[in-house]
């Protein structure tokens, strides 16, 4: 039995197999419409979510399976003080696979150590978000045709952004990747990630102004400033509109640069940018369903 807690839980070869399966699902969804007949996915979401939870539920439904679960901690026995360990032991009696989101870093790891069924980390605090990373990699691979030899700019909340942290750890396994970290001083990338990049001799640069580096980028990964990670409202209000990608700024970018965003967005991408053919974030959301379908099949050993 395997779990997905970190994007590094699968080798690059195994990831390629998942991406190939996702491509097959996209091309011929009817072929997979009954693969999970009789199987049950539990979605245990201790934090609010739209895209991740619904994409998991959509993925399992499209595979012919069923979904049970809860969408916030208040509607679960966590509100009575039940531990994650006890919850997953009970869920193991009801379901065949579990997707868990939790505000505490490491919660999914704890769950996997006690679980009798595969556990998928659907986001743990500001730490990891591996299924979003698989979605990001599939999007890049499909739209760029490769997962190597490019410069990627990661912009916004790089301190608390679990999608950013996961993506960096996944991309360092591919050759000739250069990182540009674009953030205000208060939201800069954590030191432990910078140390990892230095040890691996992977080039990176930290900058504040998006306009200064836009012409260099093959990919721009925008993120929102996350209100829920701030300790006070004043700091959030001061930083929430620090970066806004507009059609005017897009004129500085390469003609084939892609704009990615894990969503939800607030103000960081002007809605007018949606009409730019380089805006890939809604395609990214669609790829998230296919990659989660492929992941569920892989972890349930139905491939």
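Numbering (my numbering), first residue to last: 250 to 552. Every residue, glycine too, gets a C-beta built ideally from N, C-alpha and C.
Asked, Found
"Pick from 397, 520, 420, 373 that is closest to residue 356, judged by C-alpha positions", "373"
"Classification of residue 533 by the beta-carbon crowding that lies within 10 angstroms, buried from 16 upward", "buried"
"C-beta atoms of residue 345 and residue 549 nearer than 8 Å", "yes"
"Cβ neighbour criterion (16 or more within 10 Å) applied to residue 551", "exposed"
"Distance between beta carbons of residue 350 and residue 301, contact taken as under 8 Å", "7 Å"
"Pairwise C-alpha distance: residue 432 and residue 287", "47 Å"
"Option in 498, 529, 491, 500 with minimal Cα separation from residue 512", "529"
"Residue ranges of each alpha helix (DSSP H) within the stretch 411-438, 4 or longer", "411-420"
"Buried versus exposed call for residue 458 [16 or more other C-beta atoms within 10 Å across all chains shown]", "exposed"
"Touching by the beta-carbon criterion (3+ pairs, under 8 Å), the stretch 440-448 and the stretch 411-424", "yes"
"For residue 346, the residue or residues it bridges with in DSSP", "290"
"Residue 331 versus residue 501: straight-line alpha-carbon distance, rounded", "52 Å"
"Supposed close pair residue 289, residue 544 - CB separation, criterion 8 Å", "Contact doesn't hold; Cβ gap of about 16 Å is too wide."
"Residue 253 in three-state terms, based on DSSP", "strand"
"Which listed residue (437, 451, 404, 414) has its alpha carbon closest to that of residue 398", "451"
"Inter-residue CB distance, residue 385 and residue 509 (contact presumed, cutoff 8 Å)", "6 Å"
"Beta-carbon proximity check, residue 381 vs residue 358, cutoff 8 Å", "no"
"Residue 409 vs residue 428 beta-carbon contact at 8 Å", "no"
"Every unbroken beta strand (DSSP E) inside the stretch 376-407 [3 residues or more]", "399-404"
"Counted within 10 angstroms of its Cβ, other Cβ atoms place residue 526 as buried (16 or more) or exposed", "exposed"
"With 16 other Cβ atoms within 10 Å as the buried cut-off, status of residue 364", "buried"
"CB contact flag (residue 470, residue 401, <8 Å)", "yes"
"Burial state of residue 342 (16 or more Cβ within 10 Å)", "exposed"
"Beta-ladder partner(s) of residue 351, from DSSP", "373"
"Cβ separation of residue 293 and residue 318, assumed to be a contact under 8 Å, to the nearest whole Å", "6 Å"
"Of the listed residues 264, 377, 462, nearest to residue 254 (C-alpha basis)", "377"
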